[in-house]
Amino acid sequence: SAGCRPPHQKSTPPGKSPNLRQLPARSKAAAAMAGTISRIRLENFMCHSSLDIELGQHVNFITGQNGSGKSAILTALCIAFGCRAKNTQRAATLKDFIKTGCSDAAIAVDINNQGEDAFKPDIYGNLIKLERRITKSSSSTILKDQHGRKVAHRKDDLNEIVEHFNIDVENPCVIMSQDKSREFLHSGNDKDKFKFFFKATLLQRLKELLETIRDQVHKADSDVQELEKSIKPVMRELDELREKIKNMEHIEEIAHDIDNLKKKLAWSWVYEVDQQIEEQTVKLQKLKGRAPACQERIDRNTVVIDKLKKELIEKEENLRSLVGKTREENNMKKSMENNIAEAVKREIELEAEHERGAHMLQRKNGRLNQLQAQLRDFQMQHMQSTQAEASQMEKDMQNIQQQIDHLHSNVTRLREDENEFTAELSGIVKSINDISKEIAENDRRTKQIKSDIADLQRQQSNTVTAFGGQRVLKLLESIETNHKKFESPPIGPIGAHLQLASESWSVAVDSACGGLLDAFIVTCCKDLHVLRECASKVNFNNLRIIVYDFTRPRLIIPDGSLPTTEHPTVLSVIQSENHTVLNVLVDQGHAERQVLVKDYEVGKSLAFDDRMRNIKEVYTSDGDKIFSRRAVQTFYPPTSKKGRPNRLCSSLGEKIAELKNEAEGIQRTIVEKNGQKSKLVKDQCDLEQKIADSKRKREPEEHRLEKKILELDDAKRAFAEINRYAAVDNSELEEDIKKEKNIIVESEQLLQKIKVKLAAASREVNDRREAYKTFMDSVNETGHRASANDELELIKRKLDAAEQEKAHYEGLMTTKVLPAIKMAEAEYADLQQLRQDNFKKASTICPESDMEALNNVAGSTPEQLSATLNRLKQRFDQESRRFGTKLVIVAGKS
């Protein structure tokens with residue numbers, strides 16, 4: 001018996017390997033039975049390093065000491081035929097079967113495939129070789145034929161062989177391990193063991209199948225009996241029909257006449273269509289005579305349009321140079337306006353300061369007059385102060401204090417209202433500024449969209465302009481002019497030679513190839529210098545030129561150099577009739593290593609997480625660029641203009657319509673924002689008016705408050721003087737008068753200095769305004785830009801008129817001349833097709849030569865023949881009803 005220790009703990013001890021003994025064969029000439037195992041080979045499996053056993057045709061016994069590996073051979077057979085590691089009860093996973101110290105294990109089993117039960121002998125031959133290889137991380141199964149050629153590797157193919165030969169390694173009656181046999185012998189009674197045997201040997205399944213088949217046979221017998229009963233009425237009906245057919249033979253003559261009339265009717269349709277074809281031919285020749293005159297007008301306008309477009313390009317270049325000068329003048333104008341605004345601001349500040357100083361000086365003079373008057377009053381009335389006067393003055397002071405409190409409350413309330421209006425005004429001003437910025441941004445976006453639409457329309461008329469604009473057209477003309485100087489004609493721009501397998505990748509391919517799409521390809525350095533001279537002549541100074549051998553065949557990229565991913569690459573989605581273009585994109589742009597994905601998440605996973613080999617960059621369908629260099633992960637959004645399609649897109653009409661819709665939406669937004677701005681400006685004016693009204697109410701109240709405070713101070717001072725001992729001390733008033741005089745002198749000096757500064761500020765404002773006026777006069781004298789604009793507009797009007805005239809004749813050609821010709825041709829083709837169909841149908845009924853025997857069909861229209869045919873059919877129906885039935889004649893319809 002085999003040992004029970006864990007597998008692959010030790011190698012098979014020397015001298016203890018299992019021995020194979022075979023029973024004598026009954027006949028040496030007997031052929032091996034299909035499905036039997038003839039050979040087992042093990043490498044690094046459990047305790048076996050290398051084991052090779054050949055088995056006999058009949059019963060084989062394997063003997064050996066404990067731990068020699070007998071059970072390992074049985075386990076190897078289970079694993080080879082698809083058994084799970086846990087079901088062998090020897091290990092938890094397949095990698096546990098690998099011998100200790102080794103990295104993999106192999107099992108090879110040879111299965112005889114001869115005789116009547118052979119499995120696909122035309123494929124595998126007389127021997128099926130099954131190989132199972134196990135590594136630390138995976139396992140694989142390979143099926144080979146008798147010559148060792150690989151036939152299959154899927155598990156389904158192995159299961160098909162196992163089911164064919166009925167090799168159920170998990171059935172204890174096929175392979176019974178030590179644990180299974182011990183468990184079977186020590187559990188259950190004889191009846192249970194017999195049930196186990198009955199089920200394990202598939203006798204139970206066979207019994208169930210036989211019972212099912214017996215039920216199906218009984219059901220088939222009953223179905224046959226029912227069908228035999230149902231067919232009897234049909235047989236009777238068939239006999240009746242045969243009897244009726246015999247009674248209908250006398251109307252064959254009418255049927256013959258109907259058949260001849262149908263032949264005449266069929267050919268009458270053909271002859272009628274022939275007459276219509278002759279009439280349509282005359283009409284078509286008349287219509288085709290109108291097209292040349294219309295085309296001549298279209299060609300004449302095309303020449304005029306090309307000439308005007310060249311003039312328009314030159315005028316636009318001149319206007320752009322003038323626009324640069326105008327921009328400088330605008331900057332100078334804005335700088336001078338800012339200087340004037342600063343000078344005016346300083347002048348206003350000095351005027352305000354001068355007004356405040358004058359107002360202060362006026363108040364101080366008033367204060368000085370009051371003090372002097374008080375001094376005189378005190379000197380005159382200091383002897384007349386009485387207690388009654390003091391009481392009256394106290395009442396006056398209380399009355400003044402009440403007035404001061406009331407005025408202070410009014411001033412405080414008005415200031416709070418003014419602050420509230422000012423805060424609200426600040427919010428409205430901020431909103432107006434935000435809306436103004438948004439309107440300016442929308443205006444800029446509208447101009448950009450109009451520019452994009454113009455570029456797309458140029459690209460729609462000529463796709464080459466997408467790769468360099470008008471300059472590339474001039475360059476191509478220069479190349480054509482100097483074609484004799486080139487060793488081989490240059491190829492370019494590269495983008496014009498590319499087509500996409502799917503437009504969904506157009507943005508990604510444009511982003512991946514970038515500047516390569518504008519480049520030209522030459523075959524030698526001489527052509528490089530010639531092409532550079534041609535580019536310099538048309539001011540295309542930054543042209544990228546690539547030198548490449550045109551004779552080099554299409555590059556073949558090994559599979560090992562391609563990215564191991566299911567996503568497409570740039571090279572796989574582009575097509576070109578010129579293999580040199582594809583070779584340059586591979587050599588210069590690494591197109592075979594640039595992978596395309598649908599969105600950012602997939603691209604991030606592919607570039608950052610999976611880290612697959614041979615991937616340089618990943619591009620999303622929106623043009624995002626994602627790549628990883630060592631530990632640095634980088635993401636670049638597309639650099640193309642927002643809303644502008646890439647240059648490889650062919651659906652330009654849809655994009656133009658989309659941009660026009662976007663421009664209309666932005667224009668509606670601008671109108672809406674202007675309405676909001678107008679409302680806010682009105683609210684601003686209302687708030688400014690409210691603030692001015694509040695300020696106008698507050699300032700008089702403040703003046704009255706200051707006046708009342710002065711009156712209260714005077715009253716308090718007078719009251720204090722009355723309460724003195726009767727002696728009048730004028731020293732304080734004299735001291736106050738002296739201080740007020742000193743303050744007045746200082747205020748007058750300060751006011752004089754402010755006046756001097758104000759005069760200087762006024763002169764500076766006048767000087768800057770005069771300089772600004774002189775600058776504006778000089779700018780206005782140069783009317784070059786206005787004249788250039790006028791000339792440009794005149795050319796545009798001429799171009800529009802020529803295009804409209806061309807469009808008119810093209811529309812005339814498209815809507816009237818060509819449609820009429822196409823319609824006439826279509827009608828002619830329909831008549832020809834109708835004649836072919838009618839001729840085919842008539843020929844099917846009878847050949848045209850038979851019409852002579854039928855007196856032809858001249859003088860009879862299809863309608864007349866149809867009426868005659870209907871009358872004959874009615875007569876035929878009447879004759880048929882005499883025999884109680886109706887004969888249906890199946891013939892071709894005209």
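UniProt numbering numbers the first residue of the sequence shown as 1 and each following residue consecutively. Beta carbons: idealized from backbone N, C-alpha and C, even for Gly. Since the model is a prediction, treat every value here as computed from it, not as a measurement.
Contact between THR569 and VAL595 holds, with the beta-carbon distance rounding to 6 angstroms and staying under 8 angstroms.
The shortest CA-to-CA distance from THR565 to any of LYS616, VAL282 and VAL411 is the one to LYS616. According to the DSSP assignment, ARG39 belongs to the beta strand (DSSP E) that extends over 37–45. Close CB contacts of ILE123 within its chain, under the 8 angstroms cut and outside five residues either way in sequence, are with ASP145 and VAL151 (chain order).
The beta carbon of HIS164 is closer than 6 angstroms to those of PHE119 in its chain, skipping five residues each way along the sequence.
The residues ILE491, ILE521, TYR548 and PHE550, in chain order, have a CB closer than 7 angstroms to that of THR580 in the same chain once the five nearest residues on each side in sequence are set aside. Assignment of beta-bridge partners to ALA105 by DSSP yields ILE134. By the CB criterion at 8 angstroms, VAL618 and VAL632 fall outside the cutoff. Taken in chain order, the complete beta strand (DSSP E) segments of 3 or more residues contained in the segment 575–614 are 594–597. Under the DSSP assignment, GLN280 falls outside any beta strand (DSSP E), being part of the alpha helix (DSSP H) whose first and last residues are 252–288. Among the bridge pairs identified by DSSP, THR569 is matched with VAL595. Counting only runs of at least 3 residues, the segment 532–572 fully encloses the following beta strand (DSSP E) elements, listed from N- to C-terminal order: 545–547.
Contact between the segment 128–148 and the segment 46–64 is absent, with fewer than three C-beta pairs closer than 8 angstroms.
Note that the C-beta distance between ASN44 and LYS99 is below 8 angstroms. Distance from the CA atom of TYR600 to the CA atom of ALA466, rounded to whole angstroms, is 27 angstroms. Here GLN499 is near GLN575, since their CB atoms are less than 8 angstroms apart.
DSSP, reduced to helix, strand and coil, places THR815 within a helical segment of the structure shown.
Taking a 10 Å sphere around the C-beta of PRO18, we find 16 or more other C-beta atoms and assign the residue as buried. Counting along the chain, the unbroken beta strand (DSSP E) around LYS625 starts and ends at 625–629. Per the Cβ contact rule, the segment 170–178 is in contact with the segment 62–74 (3 or more Cβ pairs under 8 angstroms). Our two residues, LEU680 and ALA692, have alpha carbons roughly 18 angstroms apart in a direct line. Nearest to ASP609 by alpha-carbon distance, out of ALA842, SER621 and ARG629, is ARG629.
Within 10 angstroms of the beta-carbon of GLY623 lie 16 or more other beta-carbons, which makes it buried.
Taken atom to atom, the span from the alpha-carbon of ASP850 to that of THR861 is near 18 angstroms. Secondary structure at VAL234: helix, using DSSP grouped into helix, strand and coil.
Counted as a single uninterrupted DSSP element, the alpha helix (DSSP H) harbouring LYS155 occupies residues 155–165. Fewer than three beta-carbon pairs drawn from the segment 656–671 and the segment 391–399 are found closer than 8 angstroms, and the two stretches are therefore not classed as touching. Counting along the chain, the unbroken alpha helix (DSSP H) around ILE123 starts and ends at 121–124. Look at PHE486 here: in three-state DSSP terms it is coil, with no helix or strand label. Residues of the same chain with a CB within less than 8 angstroms of the CB of PHE775, apart from the 5 flanking positions on each side, are MET332, LYS333 and MET336 in chain order. Membership of THR88 in any alpha helix (DSSP H) is not indicated, and neither H nor E is assigned to it by DSSP.
Annotated three-state conformation of GLN146 is coil, per DSSP. In the structure shown, ASP52 adopts extended strand secondary structure according to DSSP, grouped into three states. The segment 228–240 makes no contact with the segment 798–816, as fewer than three CB pairs between them are under 8 angstroms.
Using a Cβ-Cβ distance cut-off of 8 angstroms, the segment 434–446 and the segment 729–746 are not in contact, since fewer than three pairs of beta carbons, one from each stretch, lie closer than that value.
DSSP lists GLN594 as the bridge partner or partners of GLU617.
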